[in-house]
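Peer 1: So the protein sequences, as listed, match chains A and B.
Residue 398 in the working numbering is what sits at position 205 of the first sequence, and the numbering runs on without skipping anything.
Residue 538 in the working numbering is what sits at position 88 of the second sequence, and the numbering runs on without skipping anything.
All C-beta atoms, glycine included, are put in the ideal place defined by N, C-alpha and C.
This one's a predicted model, so the numbers in the text were calculated from it and none came from an experiment.
Pasting a structure here, questions to come.
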Amino acid sequence: MDNLLSKLKTAAVLLIIGAVSGLAIFGTHTLTEDRREENRRMAQLAIYLDMFDGAVTPSDDDIVAIEDSSVKEMVTMRDSSGNILGYAFRGEGRISHGDITVIVGIDLDGNIIDVQIADSTQTPSYVQALRDHYLPRLRSQSIVAMDYGFTDELAGTSASAGMSFGNVRRIIEDARFIAADFLSDPVMEAYERLAPDVASFDTFVVFDRAFTEEQLIKDDDGNILAYAYLMPLEFDGETVTYVAAYTETEFIGITVFAFDDVPQDAIDAVEAFEGYWNSDFNGLTFDVDGEIENTIATALTELNTFVENRTWINANDLDYVETRYDGDDVSGYWFIGRKMGYNGVNVLEVLLDENGAFDHFAYNQSPDTPDFRNPLIDAFGAYSGQTEITQNEAEDAWSGATFTGESVYAIISAAFQYFADTLGDE
Amino acid sequence: MSDVAKTKNVKKEMSRLANFTKGFFKENPVFVFLLGLCPALAVTGTVEASLGMGILVIFVLTSSNVVVSLIRKWIPHQIRVPSYIVIISTFVTIVGLLTEAYAYALHGELGIFIPLIVVNCLILGRAESYASKNKVHDAAIDGFGMGLGFLGALVVIGFFREFLSTGAIAYGVYLPLAETPGSIINIDSYVFSMDAFGQAPGGFLVIGLLLGIFNFVAILKRNKKERERQRMIEEKKRQALERKRQKAKEKAGANA
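Here it is in C-alpha cells:
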C-alpha cells in the first residue's frame with residue numbers, strides 16, 4: 194500500500210510540475226504572441242525594403258497569401274508613386290534539423306535581386322555557409338535560366354548542408370513559377386506553345402549530346418503533358434535554346450526560348466518545322482532549307498533517333514532504356530533509373546553491353562554527399578563485364594555510403610533483370 | 451541584540467557574500483569548472499551577444515534555482531533530475547519567447563543556442579548540487595552569483611574575440627543599449643581584422659589562452675599561499691625553538 198502511495202505521489206508531483214510548466218509557457222506564449230508576430234513582420238519588411246531600392250512599405254492590398262506552395266506570401270513592391278518595382282516572395286521550409294524562412298526578390302525583368310534567409314532554426318554553420326558562399330551567386334540571375342551550381346562547395350560537402358540548400362532551392366523554384374505569371378517569361382511562353390495547359394516543368398534527365406536536358410511538362414494536377422528537350426545551338430557566338438517536345442508516340446513540335454538577345458532569324462527558323470508538328474516520330478526526317486534550319490534539323494534528328502530507340506519501362510526503379518547501335522548491330526543498352534539515396538533521389542545511368550554485361554554506371558543527377566558517391570563509380574567499375582552483381586560481393590563498394598551504394602546496386606540489378614526478362618531474347 | 455547574535459549575523463552576511471561572489475573567480479563556471487563551454491564557444495563572437503546570452507542564463511539559473519529550492523522537499527529523490535529538467539526547460543522556453551518578443555535581434559543572433567540553454571551543465575549542476583539542498587534565498591544568491599560569473603566569462607571571451615576580429619567593440623546591435631548602434635573602441639588596422647577569432651577556431655583559441663592565464667594566476671596564488679604557509683610554519687618552529695632555549699636557559703640559571 195505504501196509503495197502504491199509513493200508511486201502515486203511521484204506521479205502527482207510530475208503531473209503538477211508538468212501542468213504548472215505548461216501553463217507558464219502557454220501564458221507567456223499568449224502574452225507575447227502579437228509582439229513576436231509583429232517583430233517577425235517588421236524584420237521581413239526590412240528585408241523587402243532593403244532588397245528594392247526606393248520601395249515604400251507595401252499596403253495590405255499588395256500582400257497576397259499563397260496556399261499549397263513553399264512560398265507563403267507574395268508582396269508587390271512599389272515606389273512612392275505606386276510604380277511596381279518587383280515582387281518579393283516569402284517562403285518557408287522544414288527539414289529534420291529545423292525550419293527556415295527565405296525571402297526572394299525578383300525584379301520586373303525577371304532577375305533575382307537577392308535571396309535572403311530571414312529566419313532559421315537549422316544548423317547555424319550550414320545556414321551560414323549558405324549565406325556566405327551560396328546565396329550571393331544567385332543574385333542577378335534570370336529566373337528563366339537559373340544556375341544553382343553545386344552544393345558540393347558548401348561546408349563539409351555534407352548532406353545536411355545540402356538539405357538546408359534544398360529548402361532554399363524549393364522556395365526559389367516556387368517563387369519562379371509564381372513570378373512567371375506576372376512577368377514576361379520566354380521559357381513558359383515556349384512551353385505554352387507546345388502544350389497549352391502547361392503549369393510546371395521539372396528536369397528529368399540531363400544529357401551530354403545535342404540535346405542537354407529532358408524536362409517533364411506538367412498540367413495543374415501534375416499530369417505529364419509532354420517530354421521537352423532543350424537544344425542549345427550556337428549562331429554567331431550567341432547561344433539560342435530550342436525546345437522540342439514529344440509524347441510517347443508523337444513529335445509535338447519545336448519552338449525557341451525567345452529571349453530579347455535572340456536574333457530574329459533564329460526565332461523565325463522554327464517556322465520551317467511547322468509541317469512536322471504532331472506527327473508520329475518513327476522514321477521522321479526533317480527536310481528543310483537554310484543554314485540555321487539545317488543546324489536545327491541535325492540536332493533534331495539526333496534527338497528523334499534517341500526517342501525512336503528509347504523504350505519506356507517505368508517499373509522497378511527504371512525509367513527507360515535506349516538501345517544503342519553500331520551500324521545495324523546493337524552495341525549496348527543505356528538505362529536511366531532513379532532511386533532514393535541518402536539525401537534524395539539519385540538519377541543513374543547504367544550501360545550494359547549487347548550481351549547484358551555491366552559496362553559502367555554514372556550519376557546523371559545526385560544530391561548525395563560527393564565524398565560518398567564518387568568512390569562508388571570506381572568501386573562498381575570493378576564489376577565491368579559481369580552479368581550479375583550480388584549484394585555481398587559489392588558490399589565493400591559502399592562501405593560508409595550505405596544508402597548511396599544501395600541505390601546504385603538497385604538500379605544496376607534492375608537493369609540486369611530487365612535485360613534478362615525482355616532484351617536478352619531479342 | 452547580544453554580541454553572540456551580532457557575530458552570528460555578521461558571519462551569515464559574510465557567508466552570503468562569499469556565496470554570491472564565489473562564481474566570479476574561485477568557482478567560475480567557465481574558467482574553473484569548464485561548464486557551459488558550448489555557448490562560451492558558439493555565441494561569444496561579440497561582446498553584445500555574450501552579454502545577451504549571459505543575461506538569459508542568469509534569468510534561467512536564478513529562476514530554476516529558486517523553484518527547485520522551493521519544492522525540493524516535495525520532489526521524490528528518484529525523479530529529481532527529470533523534474534529539474536522540466537523546470538529548467540520551462541524557464542528556457544519562457545526566456546526564448548520573451549527574447550523573441552522584446553529583443554528580436556538578439557533572438558536572431560543567438561538562434562538555436564537559446565533552446566540549448568536547457569542542456570547547459572551549469573544550470574542542472576547548480577540545481578542538483580546547491581538549490582536542492584539549500585534555502586530559497588541562498589539558492590537565489592547562488593544562482594545569481596554563478597550566473598554573473600558565467601556572464602563575466604562570456605563577456606571577457608567576447609571582448610577578445612570581437613576586438614581581435616574587428617578592432618571594435620560594438621553596442622546597440624542586438625541589445626537595446628542605444629538608439630543607434632555604435633562602438634566604444636574602433637581601431638581600423640589590419641592587425642585587428644583576424645576573422646578567425648570571430649569564428650569557432652577563434653573561440654577555442656581565446657578560451658584556451660584565457661584558461662591558461664586563469665590557471666597561471668591560480669598557480670601563482672597557490673604558490674604564494676604555500677610560501678606564506680611555509681614561512682608561518684618556519685616562524686612557529688623558530689618561536690618554539692626560542693621558547694625551548696629560553697626555558698633551557700631559565701632551567702640552567704635555576705640550577706646554578
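With the cut-off set at 8 Å, would you say Arg229 of chain A and Ala551 of chain B are in Cβ contact?
Peer 2: Yes, they are a contact pair.
Peer 1: Could you tell me whether the region 504-512 of chain B touches the region 584-598 of chain B, where touching means 3 or more Cβ pairs closer than 8 Å?
Peer 2: Verdict: yes, contact present.
Peer 1: Cβ closer than 7 Å: which chain A residues qualify as neighbours of Tyr554 of chain B?
Peer 2: Those within 7 Å of Tyr554 of chain B in chain A are Asn232, Ala236.
Peer 1: Determine the burial state of Asn507 of chain A: buried for a count of at least 16 other Cβ atoms within 10 Å of its Cβ, exposed for fewer.
Peer 2: Classification of Asn507 of chain A: exposed, given that the 10 Å Cβ count is below 16.
Peer 1: Applying a beta-carbon distance threshold of less than 8 Å, which residues of chain B neighbour Gly211 of chain A?
Peer 2: In chain order: Val536.
Peer 1: From Val433 of chain A to Gly530 of chain A, what does the alpha carbon distance come to, in whole angstroms?
Peer 2: Approximately 30 Å between the Cα atoms of the pair.
Peer 1: In chain B, what lies closer than 8 Å to Ala217 of chain A by C-beta?
Peer 2: Ordered by position in chain B, the residues that pass the 8 Å Cβ test against Ala217 of chain A are Thr540, Ile544.
Peer 1: Which one of A:Trp505, A:Leu426, A:Tyr280 has the shortest CA to CA distance from Val257 of chain A?
Peer 2: Considering only alpha carbons, the answer is A:Tyr280.
Peer 1: Can you list, in chain order, the stretches of the alpha helix (DSSP H) that have 4 or more residues and sit fully within the region 502-579 of chain B?
Peer 2: Entirely contained in the region 502-579 of chain B, the alpha helix (DSSP H) runs reaching 4 residues are, in chain order, 530-552, 554-560, 571-579.
Peer 1: Closer than 7 Å by C-beta to Ala499 of chain B: which residues in its own chain qualify, once you throw out the five before and the five after it? Chain order, please.
Peer 2: The answer, listed in chain order, is Val493, Glu559, Leu560, Gly608, Tyr624.
Peer 1: In the DSSP output, which residue or residues are listed as bridge partners for Ile256 of chain A?
Peer 2: Looking at the DSSP assignment, Ile256 of chain A forms a beta bridge with A:Val268.
Peer 1: With DSSP run on the structure shown, which of helix, strand or coil describes Val493 of chain B?
Peer 2: Three-state result, Val493 of chain B: coil.
Peer 1: Can you check DSSP and say which residues form a bridge with Tyr384 of chain A?
Peer 2: Answer is none; Tyr384 of chain A lacks a bridge partner.
Peer 1: So does the region 391-404 of chain A actually touch the region 486-504 of chain A, counting three or more Cβ pairs closer than 8 Å?
Peer 2: The region 391-404 of chain A is in contact with the region 486-504 of chain A.
Peer 1: Give a yes or no on whether the minimum CB-CB distance between His326 of chain A and chain B is below 8 Å.
Peer 2: Chain B, which has no Cβ nearer than 8 Å to the Cβ of His326 of chain A, makes this no.
Peer 1: Going along the chain, which residues of its own chain have a beta-carbon closer than 6 Å to the beta-carbon of Asp412 of chain A, five neighbours each way excluded?
Peer 2: Excluding positions up to five away in sequence, the list reads Asp390, Ala392, Leu418.
Peer 1: Less than 8 Å between the CB atoms is what I'm expecting for Ala372 of chain A and Ile299 of chain A, so what's the real figure, rounded?
Peer 2: The pair is a contact, with the Cβ atoms about 5 Å apart (cut-off 8 Å).
Peer 1: Any beta carbon of chain B sitting closer than 8 Å to that of Val206 of chain A?
Peer 2: Chain B contact via Cβ: present.
Peer 1: Looking at chain B, is there any beta carbon in it that lies within less than 8 Å of the beta carbon of Phe612 of chain A?
Peer 2: With 8 Å as the cut-off, Phe612 of chain A does not count as an interface residue toward chain B.
Peer 1: To the nearest angstrom, how far is it from the Cα of Arg271 of chain A to the Cα of Met244 of chain A?
Peer 2: C-alpha separation (whole angstroms): 12 Å.
Peer 1: Looking at Asn557 of chain A: is its Cβ nearer than 8 Å to the Cβ of Val449 of chain A?
Peer 2: No, these two residues do not count as a Cβ contact at 8 Å.
Peer 1: Considering only C-alpha positions, which residue in the set A:Thr597, A:Gly534, A:Trp505 is nearest to Trp527 of chain A?
Peer 2: Closest option to Trp527 of chain A, Cα to Cα, is A:Trp505.
Peer 1: Among A:Ala613, A:Gly215, A:Glu285, whose alpha-carbon lies nearest the alpha-carbon of Glu266 of chain A?
Peer 2: Ranking A:Ala613, A:Gly215, A:Glu285 by Cα distance to Glu266 of chain A puts A:Glu285 first.
Peer 1: Under a Cβ-count criterion, where at least 16 other Cβ atoms within 10 Å of its own Cβ denotes burial, should Lys456 of chain B be classed as buried or exposed?
Peer 2: Label assigned to Lys456 of chain B: exposed.
Peer 1: Inspect the CB distances between the region 565-580 of chain B and the region 477-494 of chain B and report whether three or more fall short of 8 Å.
Peer 2: Result yes; three or more Cβ-Cβ pairs closer than 8 Å.
Peer 1: Check this for me: beta carbons of Phe499 of chain A and Glu484 of chain A, under 8 Å apart or not?
Peer 2: No, the pair does not count as a contact, with Cβ atoms beyond the cut-off.
Peer 1: How big is the Cα-Cα spacing for Arg369 of chain A and Phe541 of chain B?
Peer 2: Their backbone Cα atoms lie some 42 Å apart in a straight line.
Peer 1: Taking 8 Å as the threshold, find out whether the region 597-604 of chain A comes into contact with the region 559-568 of chain A through three or more Cβ pairs.
Peer 2: Touching, per the Cβ criterion.
Peer 1: Ignoring anything shorter than 3 residues, give me the beta strand (DSSP E) runs that lie fully in the region 405-439 of chain A, in order along the chain.
Peer 2: The region 405-439 of chain A contains these whole beta strand (DSSP E) runs: 406-411, 417-428, 431-439.
Peer 1: Asp214 of chain A versus chain B: which residues are under 8 Å apart at the beta carbon?
Peer 2: First, the amino acid is wrong: residue 214 of chain A is Ser here, not Asp. Within chain B, the residues near Ser214 of chain A are Val536, Ile537, Ser539, Thr540.
Peer 1: Interface residues of chain A around Glu550 of chain B at Cβ under 9 Å?
Peer 2: Those are Thr225, Arg228, Arg229, Asn232, Arg233, listed as they occur along chain A.
Peer 1: Report the three-state DSSP secondary structure of Tyr640 of chain B (helix, strand or coil).
Peer 2: Three-state result, Tyr640 of chain B: helix.
Peer 1: I think Asn515 of chain B touches Asp592 of chain B, with their Cβ atoms under 8 Å apart; what is that distance to the nearest whole Å?
Peer 2: Right, the Cβ-Cβ distance comes to about 6 Å (below 8 Å), so this counts as a contact.
Peer 1: List the residues of chain B that Thr314 of chain A touches, going by C-beta distances under 8 Å, in chain order.
Peer 2: What Thr314 of chain A touches in chain B: Gly561, Ile562.
Peer 1: With Ser263 of chain A and Ile364 of chain A assumed to form a contact (beta carbons below 8 Å), what rounded beta-carbon distance in angstroms separates them?
Peer 2: Contact holds; Cβ gap of about 5 Å.
Peer 1: Can the beta-carbon of Gly658 of chain B be found less than 8 Å from the beta-carbon of Ser615 of chain B?
Peer 2: Their beta carbons are not under 8 Å apart, which means Gly658 of chain B does not touch Ser615 of chain B by this criterion.
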